[in-house]
Amino acid sequence: MQYTQEELIQRLKTNAVVHHNGIEKIDKKIPFDENKKGMDPRVKELMLDEENTKLKKPIELADLEEIRSSGGFKNADLSKGIRTENRNVFQEDSTLRVRVYNRGEEKKPAIIYYHGGGFFDGDMDVVENPCKLLAQETGAVVISVEYRLAPEFPYAAGLMDCLEAVRYVYNFADELSIDRDAIGLVGDSVGGNLALGVNHLSSEEPWSINYLGLLYPLVDLSDFSGKKWNMAAYDFSEDEALIRRELINMRQSLFFIQSLYLDDLEQAISPLVSPVLSEVKQDIPPVTIITAEFDYLKVQGAEFARQIADASVPVRHIEYKGMDHAFVEKLGYYPQAADAIAEISRHFKEIIY
1 MQYTQEELIQ RLKTNAVVHH NGIEKIDKKI PFDENKKGMD PRVKELMLDE ENTKLKKPIE
61 LADLEEIRSS GGFKNADLSK GIRTENRNVF QEDSTLRVRV YNRGEEKKPA IIYYHGGGFF
121 DGDMDVVENP CKLLAQETGA VVISVEYRLA PEFPYAAGLM DCLEAVRYVY NFADELSIDR
181 DAIGLVGDSV GGNLALGVNH LSSEEPWSIN YLGLLYPLVD LSDFSGKKWN MAAYDFSEDE
241 ALIRRELINM RQSLFFIQSL YLDDLEQAIS PLVSPVLSEV KQDIPPVTII TAEFDYLKVQ
301 GAEFARQIAD ASVPVRHIEY KGMDHAFVEK LGYYPQAADA IAEISRHFKE IIY
């Protein structure tokens, strides 16, 4: 039986399994196929697509131009009537581009969004539709940030851009119709890493970060052997070859990210690069951590959720069964993408409003 996207999204709201072992952990199963092991059929279909070369081999330097020119997955706009405007933030040595969604006459909370892409790829266009839906679901003003990318601008240029975006929002809150005392950060993949870095640096700034939404975040770039987060955490009872290929490719891509993003591998142990290694977690605000069952970053994301829960930080950890990395980019095709945005929006509103 074929289900509409709306039916699949609605099913995800009712098929969750909640666990409480010192942390609120929610498992979201494959809609209308809750007993299935292995990949969600939609994920498997894309993985078997011979034209999707980005999933066929580990990333190499020669692939960089091709990856950047691909433009990401052609996702769908599920929002209605969200106002969009582009702005420039002039810095001493560069101009930072941001895109503002949902600005109106009345003051609203703000969400600053940092896209993923391994620190070397991605832009505001790729996350345009997720940001518009996030603005609609939260009622907040969403600001998407086009930070500088490696290898042209290695660590910490992009991170400083992300911090500067918060400064811009804080300083121009009245012009943007934003409540400067209600600021959240959301990021996917390395965007989650940047959000954590910005939160850490914000302890020395006049503003406060009130919420973090981390979509399958990279929180540890210090694993040089590739063995720290091993395969034992994954269920290979179905689709083993595809799952192993995905995990191995993702592991190899982390070595590539290390070489592009870091000038010195000793930087990898900094809490601004590998937040999981930070000894201080109490400065983290309430957080939602989204993980995917067959994402290589799942294990470190779950470990980070446990660490911050141990530090008495309110955390909600949601894992989507059958999903792989970067699934929110497939908005309009994977129902889990819309549901993940809805879950982050719900938690944000619980904290902010």
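In terms of UniProt numbering, the sequence shown opens at residue 1 and continues consecutively. Think of the CB as a built atom: it goes at the ideal place given N, C-alpha and C, for glycine as much as any other residue.
Exercise. For Asp235, which option in Ala173, Val186, Val166 and Gly322 has the closest C-alpha, if you only look at C-alpha atoms?
Worked result: What you label residue 235 is simply residue 235 of the sequence shown in a count that begins at 1. It is Gly322.
Problem set entry | Beta-carbon contacts of Leu37 that lie in its chain and below 7 Å, excluding the five residues immediately before and after | Counting from 1 along the sequence shown, the entry for residue 37 is found at position 37. First, the amino acid is wrong: residue 37 is Lys here, not Leu. Contacts found: Asp235, Ser237 and Glu238.
Exercise. With Leu77 and Lys132 assumed to form a contact (beta carbons below 8 Å), what rounded beta-carbon distance in angstroms separates them?
Worked result: To locate residue 77, count along the sequence shown from 1; it is residue 77. To locate residue 132, count along the sequence shown from 1; it is residue 132. Per the sequence shown, the amino acid found at residue 77 is Asp instead of Leu. Contact holds; Cβ gap of about 6 Å.
Problem set entry | Counted within 10 angstroms of its Cβ, other Cβ atoms place Glu66 as buried (16 or more) or exposed | In the sequence shown, residue 66 corresponds to position 66, counting from 1. With fewer than 16 Cβ atoms within 10 Å of its Cβ, Glu66 is classed as exposed.
Problem set entry | Given Gln267 as reference, the closest of Glu34, Ile178, Phe224 and Ser312 once Cα atoms are compared | Position 267 of the sequence shown holds residue 267. When only C-alpha atoms are compared, the closest one is Phe224.
Problem set entry | Length of the line joining the Cα atoms of Thr53 and His347 | On the sequence shown, residue 53 is found 53 positions in, with the first residue counted as 1. On the sequence shown, residue 347 is found 347 positions in, with the first residue counted as 1. Low confidence applies to Thr53: its pLDDT is 48, below 50, so where it sits in the model is not reliable, and the reading given next is rough at best. Going from the Cα of Thr53 to the Cα of His347 covers about 36 Å.
For this session: With DSSP as the reference, label Ile82 as helix, strand or coil.
Result: Taking the first residue of the sequence shown as 1, we reach residue 82 at position 82. Ile82 sits in coil when the DSSP states are folded into three classes, being neither helix nor strand.
Exercise. How would you write the range of the alpha helix (DSSP H) that Lys349 sits in, first residue to last?
Worked result: As a working note, residue 349 is residue 349 in the sequence shown. Going by DSSP, Lys349 is part of the alpha helix (DSSP H) stretching over Pro335 to Ile352.
Problem set entry | Reduced DSSP category for Gly22 - H, G, I as helix; E, B as strand; rest coil | Counting from one through the sequence shown, the residue named residue 22 turns up at place 22. Three-state result, Gly22: coil.
Problem set entry | DSSP beta-bridge partners of His200 | The residue given as residue 200 occupies position 200 in the sequence shown. His200 is not bridged by DSSP to any residue.
For this session: Tell me whether Pro31 is buried or exposed, calling it buried when 16 or more other Cβ atoms sit within 10 Å of its Cβ.
Result: Reading the sequence shown from its first residue, position 31 is the one you call residue 31. With 16 or more other Cβ atoms within 10 Å, it is buried.
For this session: Give the C-beta separation of Ile289 and Ala305 to the nearest angstrom, bearing in mind that I take them to be a contact with Cβ-Cβ under 8 Å.
Result: Start at 1 with the first residue of the sequence shown, and residue 289 comes out as number 289. Start at 1 with the first residue of the sequence shown, and residue 305 comes out as number 305. Their Cβ separation, rounded to whole angstroms, is 5 Å, which keeps Ile289 and Ala305 in contact under 8 Å.
For this session: For Ser70, name the three-state secondary structure that DSSP assigns.
Result: By 1-based counting over the sequence shown, the position of residue 70 is 70. Three-state result, Ser70: helix.
Exercise. Per DSSP, what kind of secondary structure is Arg148 in: helix, strand or coil?
Worked result: The residue given as residue 148 occupies position 148 in the sequence shown. Arg148: coil per DSSP, three-state reduction.
Exercise. So, is residue 357 buried or exposed, given that buried needs 16 or more other C-beta atoms within 10 angstroms?
Worked result: The displayed coordinates of the chain run from 1 to 353. Any statement about residue 357 would go beyond what the structure contains.
For this session: Could I get the ranges of all uninterrupted alpha helix (DSSP H) runs contained in the segment 214-266, with 4 residues as the minimum, in chain order?
Result: Note on the segment 214-266: whole alpha helix (DSSP H) runs with a minimum of 4 residues are 240-261, in chain order.
Problem set entry | Beta-bridge partners of Lys13, as assigned by DSSP | Counted from its first residue, the sequence shown places residue 13 at position 13. In the DSSP output, where bridge partners are listed per residue, Lys13 has none listed.
Problem set entry | Endpoints, beta strand (DSSP E) assigned at Glu319 | In the sequence shown, the residue the question calls residue 319 occupies position 319. Note, Glu319: beta strand (DSSP E), Val315 to Tyr320.
Exercise. When the Cβ atoms of the segment 94-114 are set against those of the segment 140-152, are three or more pairs found closer than 8 Å?
Worked result: yes
Problem set entry | Short Cβ contact (9 Å threshold) for Tyr261 with Tyr155 | Sequence index remark: in the sequence shown, residue 261 carries index 261 (1-based). Sequence index remark: in the sequence shown, residue 155 carries index 155 (1-based). Yes, the pair counts as a contact, with Cβ atoms nearer than the cut-off.
For this session: With a cut-off of 8 Å on the beta carbons, I'd call Arg180 and Asp161 a contact; round off their distance for me.
Result: For the purposes of this step, residue 180 is taken as residue 180 along the sequence shown, with counting starting at 1. For the purposes of this step, residue 161 is taken as residue 161 along the sequence shown, with counting starting at 1. Going by Cβ atoms, the distance from Arg180 to Asp161 rounds to 20 Å, so no, they are not a contact pair.
Exercise. Between which two residues does the alpha helix (DSSP H) harbouring Thr138 extend?
Worked result: As a working note, residue 138 is residue 138 in the sequence shown. Looking at the DSSP string, the run of the alpha helix (DSSP H) that includes Thr138 is Glu128 to Thr138.
Problem set entry | Given Gly139 as reference, the closest of Ile111, Val169, Tyr296 and Met39 once Cα atoms are compared | Residue 139 sits at position 139 when you count from the first residue of the sequence shown. Answer by Cα proximity: Ile111.
For this session: Please state whether DSSP places Gln5 in a helix, a strand or coil.
Result: The residue labelled residue 5 in the question sits at position 5 within the sequence shown. In the structure shown, Gln5 adopts helical secondary structure according to DSSP, grouped into three states.
Exercise. Quick one: what does DSSP say Val287 is sitting in, helix, strand or coil?
Worked result: Here residue 287 corresponds to residue number 287 of the sequence shown, with the count starting at 1. Strand, per DSSP.
Exercise. Buried or exposed: which applies to His19, given that a residue is buried once 16 or more other Cβ atoms fall within 10 Å of its Cβ?
Worked result: Here residue 19 corresponds to residue number 19 of the sequence shown, with the count starting at 1. Exposed, since its Cβ has fewer than 16 Cβ neighbours within 10 Å.
Problem set entry | Whole-Å CB distance - Val276 paired with Glu293, under 8 Å assumed | Position 276 of the sequence shown, counted from the first residue, corresponds to residue 276. Position 293 of the sequence shown, counted from the first residue, corresponds to residue 293. Contact flag wrong, Cβ pair sits at about 20 Å.
Problem set entry | Cβ shell of Ile23 (< 8 Å), same chain only, five flanking positions each side left out | Counting from one through the sequence shown, the residue named residue 23 turns up at place 23. Cβ neighbours of Ile23 beyond the five flanking positions: Ala305, Arg306, Ala309, Val315 and His317.
Exercise. In chain order, what residues of the same chain lie with their CB nearer than 6 Å to the CB of Ala135, ignoring the 5 residues before and after it?
Worked result: As a working mapping, residue 135 is identified with position 135 in the sequence shown. These residues qualify, in order along the chain: Ile82, Tyr101, Asn102 and Val142.
For this session: Could you say if the segment 207-217 and the segment 177-194 meet the contact criterion of at least three C-beta pairs nearer than 8 Å?
Result: yes
For this session: Please classify Pro154: does DSSP put it in a helix, a strand, or coil?
Result: In the sequence shown, the residue the question calls residue 154 occupies position 154. Residue state, collapsed to three classes: coil.
Exercise. Using DSSP with H/G/I as helix, E/B as strand and the rest coil, what is Lys29?
Worked result: Position 29 of the sequence shown holds residue 29. Lys29: coil per DSSP, three-state reduction.
Problem set entry | Strand pairing of Val186, partner residues [DSSP] | Taking the first residue of the sequence shown as 1, we reach residue 186 at position 186. Its beta-bridge partners are Tyr113 and Gly213.
Problem set entry | Residues that Tyr101 bridges to, as DSSP identifies them | The residue given as residue 101 occupies position 101 in the sequence shown. Beta-bridge pairing links Tyr101 to Thr84 and Val142.
Exercise. Taking the C-alpha atoms as reference points, what is the distance between Leu46 and Gln336?
Worked result: Within the sequence shown, residue 46 is the residue found at index 46, counting from 1. Within the sequence shown, residue 336 is the residue found at index 336, counting from 1. The alpha-carbon atoms of Leu46 and Gln336 are separated by roughly 15 Å.
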